[in-house]
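Chemist:
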Amino acid sequence: MIFGFASANIYAQATAKDFVIVKPDQVVWGDLPAGVKTAVLYGDPNKPGMYVVRNIFPEGVMSSPHFHTQDRFVTVIKGTWYAGTDASWDPATTVGLPAGSMMFHPAGVVHFDGAIEGATEIQIIGMGPVSTTPVYPDAPRFGRPRKLN
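The sequence shown begins at 45 in the numbering used here and counts up one residue at a time.
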């Protein structure tokens, strides 16, 4: 499962020798389920090479437990990002990361994350192509967290 990143790709055509500047008013946001917003600032997560994605999670919305095929680096831009490093989808097991924090997500390791108190904006940097595999295929991709195991 890939999280529909292509919808808001504004600078995918840049080459490795181009400078790329993206100002806040140039970000083109796309919609994901449960009110999550996404924007691809650079590259394309579905193609080989580096990509940069921003996501905004509304209060109370988290991704369900999943893992990725590639390593990813997540930086918290605004708000507090809550990350769980298990398959429980239990918000009580998360760690809060305030704005300015960074978290490394190793490939193949199950996690869930999102916003609990207030909206949260994050930036993800990784190498494509990357895909996302849900732990519980019948659970929503994004939603109100609840203990699943």
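Cβ atoms here follow ideal geometry from the backbone N, Cα and C, with glycine treated the same way.
Please state whether DSSP places Q114 in a helix, a strand or coil.
Modeler: coil
Chemist: Whose C-alpha, out of F101, A136, Y95, N90, is nearest the C-alpha of G122?
Modeler: Note that residue 122 is Lys in the sequence shown, not Gly. Residue F101 is the option with its Cα nearest to K122.
Chemist: Quick one: is V139 buried, meaning 16 or more other Cβ sit within 10 Å of its Cβ, or exposed?
Modeler: Classification for V139: exposed.
Chemist: Measuring CA to CA, which of F156, A151, G170, F117 is closest to S107?
Modeler: F156
Chemist: What's the gap between the Cα of M129 and the Cα of V84?
Modeler: The residue asked about is misnamed: residue 129 is Thr in this sequence, not Met. In a straight line, the C-alpha of T129 is about 25 Å away from that of V84.
Chemist: If I measure Cβ to Cβ from M171 and keep anything under 8 Å in the same chain, skipping five residues before and after, which residues do I get?
Modeler: P92, G93, M94, Y95, Q114, D115
Chemist: Per DSSP, what are the beta-bridge partners of F148 in this structure?
Modeler: F117
Chemist: By alpha-carbon positions, which one of T176, V118, A136, V179 ends up nearest to H149?
Modeler: V118
Chemist: Just to confirm the assignment, what range does the beta strand (DSSP E) spanning F101 have?
Modeler: 93 to 101
Chemist: For A131 and K191, what's the separation of their Cα atoms in angstroms?
Modeler: 9 Å
Chemist: If N90 and P173 are in contact, beta carbons under 8 Å, what's the gap, nearest whole angstrom?
Modeler: 5 Å
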